[in-house]
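Below is one structure; the comments refer to it alone.
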Ligand SMILES: [Zn+2]
Ligand SMILES: [Zn+2]
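And the structure:
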């Protein structure tokens, strides 16, 4: 089966020191057909100080690796855009000026606050914080639906749509996303209408949670609503995590009746059959 890890980071992201070459070698060792780097492009002014995104250096690294390893594996240049409602004009300008194989939109904030900062949870319980996050993801999905109504894709993938559970687990000791099934369903409907592919992000399996982002119930719901294919990614920030959990993600897709992976090459949407044929 052709497997592609379409969510991973290297030293071209502020929160990773991974050597891009070691990432590629790890992916080849794991027998993957491809890997797509999704380096962080930070959009909130609070994050600018730490942002290391440098498109020239990043593009050169990808080109060099393609020259060396391009016969053995597909190497994609992607980007993980942090959704910030007040900065989207800037994001659209940035995207129009740079070339990618895949553009991922991820929600890391709820309102003005970063979901990964403990201080922002001081007055929230699990139910409230989870709902607040999902409402923000729905806002992002609606933004994309409106933007892509004309048919031209600007964003290809919606990253880790229930990321909030990583932080309710870490800061409050539990997670419960099923209480937000109503918002989740709206998010999935928007994705289908907008040609925005949700991913299964397996990083939570390495972080003490018992499920991927999103979970099997959500993948099943996506299929019921008419979704036919998803993207999978490890969200690796170190080389040894490349490809981890993808087998589990594929089992979930097959279990839910989703028969294809979506792979993006030069912004083209390519379907890869998952039945092992
Ligand atoms: Zn992310
Ligand atoms: Zn990421």
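In this note's numbering, the protein residues as written are 1 to 277. We treat Cβ as the ideally placed atom computed from N, Cα and C, and that holds for glycine. Since we're looking at a predicted model, the values are computed, not measured.
- A Cβ-Cβ contact shorter than 7 Å links residue 232 with residue 200.
- Cα atoms of residue 161 and residue 132: separation of roughly 13 Å, rounded to the nearest angstrom.
- Separation of the CB atoms of residue 23 and residue 35 is rounded to 7 Å, and the pair is thereby assigned contact status at 8 Å.
- In the DSSP annotation of this structure, residue 96 is not part of any beta strand (DSSP E); the continuous alpha helix (DSSP H) holding it starts and ends at 88 to 97.
- Pairing residue 11 with residue 80, the inter-Cα distance amounts to about 14 Å.
- Bounds of the beta strand (DSSP E) holding residue 105 are 102 to 106.
- Residue 256 places its beta carbon less than 7 Å from that of residue 223.
- Taking a contact as a CB-CB distance under 8 Å, the pair residue 1 and residue 188 does not count as one, their CB atoms being some 25 Å apart.
- In the DSSP assignment, residue 61 falls within the alpha helix (DSSP H) that extends over 55 to 69.
- With a threshold of 16 other beta carbon atoms within 10 Å, residue 111 falls short and is exposed.
- Going by DSSP, residue 269 is part of no alpha helix (DSSP H) but of the beta strand (DSSP E) stretching over 268 to 273.
- DSSP places residue 136 in the uninterrupted alpha helix (DSSP H) bounded by 126 to 147.
- By the C-beta criterion, the segment 118 to 131 is judged not to be in contact with the segment 67 to 87, since fewer than 3 inter-stretch pairs fall below 8 Å.
- At least 7 Å separates the beta-carbon of residue 115 from that of residue 172.
- Taking C-beta atoms as the reference points, residue 39 and residue 58 count as a pair closer than 7 Å.
- Scanning the segment 221 to 260 for uninterrupted beta strand (DSSP E) segments of 3 residues or longer gives 229 to 233, listed from N- to C-terminal end.
- If you draw a straight line from the Cα of residue 44 to the Cα of residue 251, it comes to about 36 Å.
- Relative to the non-hydrogen atoms of ligand 2, the Cβ of residue 235 comes within a distance shorter than 6 Å of at least one.
- Taking a C-beta distance under 7 Å as the contact criterion, residue 197 and residue 157 qualify as a contact pair.
- Around the beta carbon of residue 84, 16 or more other beta carbons lie within 10 angstroms, which makes this residue buried.
- When DSSP states are grouped into helix, strand and coil, residue 5 belongs to the strand group.
- Membership of residue 201 in the beta strand (DSSP E) is indicated by the continuous run 197 to 201.
- Residue 216 sits in a helix when the DSSP states are folded into three classes.
- By the neighbour-count definition (other C-beta atoms within 10 Å, threshold 16), residue 106 is a buried residue.
- With a cutoff of 7 Å on beta-carbon distance, residue 76 and residue 102 are scored as near each other.
- Between the C-alpha atoms of residue 87 and residue 94 there is a straight-line separation of about 11 Å.
- With a cutoff of 6 Å, residue 13 does not count as near ligand 1, since its C-beta is closer than that to no heavy atom of the ligand.
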